[in-house]
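Asks:
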Amino acid sequence: MTTLRGLRVALRPVSESDLPRLFEILRQPAVARFWTPPENEREREGLLLGSDPDGADAISTFVITLADEVVGYIAGWEILEPDYRHAGVDVFLDSARHGRGYGVEAIQLVCRWLFEVRGHHRVIIDPAADNHRAIRSYERAGFKRVGVLRRYERGADGTFHDGLLLDLLAEDLA
Ligand SMILES: CC(C)(COP(=O)(O)OP(=O)(O)OC[C@H]1O[C@@H](n2cnc3c(N)ncnc32)[C@H](O)[C@@H]1OP(=O)(O)O)[C@@H](O)C(=O)NCCC(=O)NCCS
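Heads up, the sequence shown is in our numbering, so the first residue is 102 and it goes up one at a time.
Shown next as structure tokens:
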């Protein structure tokens with residue numbers, strides 16, 4: 102897997118030495134509110150390193166870097182069953198870097214790779230329905246709203262919250 106380079110950010114495969122920095126970002130309140138990693142340490146590390154696809158057929162995980170500083174994580178996971186072939190994206194960014202367009206750039210890079218290199222035609226993403234910044238960022242990348250997933254995921258407060266399903270076809274990519 103190669104490094105994917107955008108105008109400002111670059112994505113390179115996650116290595117074990119990145120884990121402390123990624124866990125530090127995951128502990129930031131603005132990130133922890135919307136990104137709950139598995140409680141089990143081995144599963145959590147496996148998810149970030151791409152060795153545990155968590156229900157998907159494959160997962161490719163990248164750190165988001167800005168001039169070689171690790172500022173976040175993005176993963177492209179894949180369902181390879183031929184009749185329902187599609188991919189999905191998970192992402193988080195250091196809260197000191199939110200709202201500057203780095204998220205859009207990283208999402209565009211990984212989606213282009215999923216379409217052009219991995220041969221997918223459809224990518225999905227499913228933020229919490231009240232994660233307005235994430236939804237705006239995904240829409241800027243070209244994702245379209247499909248609909249509300251009622252009481253879809255259990256949040257940090259232990260209750261089930263609505264999610265919003267968005268999808269992106271290859272021709273939608275901004
Ligand atoms: C989601 C995330 C990756 C987006 O990356 P980002 O770099 O912060 O977002 P961008 O700068 O690319 O885009 C944010 C957009 O939302 C807008 N925005 C910011 N705060 C907002 C808010 N509270 N409500 C609505 N829109 C908001 C910005 O103005 C921008 O839109 P614009 O470019 O049209 O002005 C990042 O914010 C993040 O890591 N959040 C915490 C973890 C998380 O939520 N992960 C996703 C789980 S699905």
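Where a beta carbon is used, it is the ideal one built from N, C-alpha and C, also for glycine.
1) Taking the alpha carbon of ARG223 as the point to measure from, which residue in GLU206, HIS187, ARG201 and ARG213 has its own alpha carbon closest?
2) So the beta strand (DSSP E) ARG255 belongs to, where does it begin and stop?
3) I need the boundaries of the beta strand (DSSP E) containing GLY204, first residue and last residue.
4) Tell whether a beta-carbon distance below 9 Å holds between GLY264 and ALA242.
5) Just to confirm, is the Cβ distance from SER238 to ILE126 under 9 Å?
6) List the whole-angstrom C-beta distance separating LEU108 from TYR174, where the pair is believed to meet the contact cut-off of C-beta under 8 Å.
7) Quick check: the Cα distance between VAL247 and ILE226, rounded to an integer number of angstroms?
8) Closer than 8 Å to a non-hydrogen atom of ligand 1 - does that hold for the CB of TYR203?
9) Please name the residue in ALA131, ARG134, ARG145 and THR137 whose C-alpha comes closest to that of PRO121.
10) Answer with buried or exposed for GLY204, where buried requires no fewer than 16 other C-beta atoms within 10 angstroms of its C-beta.
11) Using 9 Å as the threshold, is the C-beta distance between GLU179 and ARG219 below it?
12) Assign GLY200 to one of two classes, buried (16 or more other C-beta atoms within 10 Å of its C-beta) or exposed (fewer than that).
13) Among all the DSSP beta bridges, which residues are the ones paired with ARG128?
14) State the Cα-Cα distance for the pair PRO139 and LEU150, rounded to the nearest angstrom.
Replies: Taking the definition as stated:
1) When only C-alpha atoms are compared, the closest one is HIS187.
2) That run of the beta strand (DSSP E) goes 245-255.
3) It is not in any beta strand (DSSP E) - GLY204 instead sits in the alpha helix (DSSP H) that spans 203-217.
4) no
5) no
6) Not a contact, Cβ separation roughly 20 Å.
7) 10 Å
8) Ligand 1 has a heavy atom closer than 8 Å to the beta-carbon of TYR203.
9) ARG145
10) buried
11) yes
12) exposed
13) Per DSSP, none; premise fails for ARG128.
14) Answer to the nearest angstrom: the Cα atoms are 13 Å apart.
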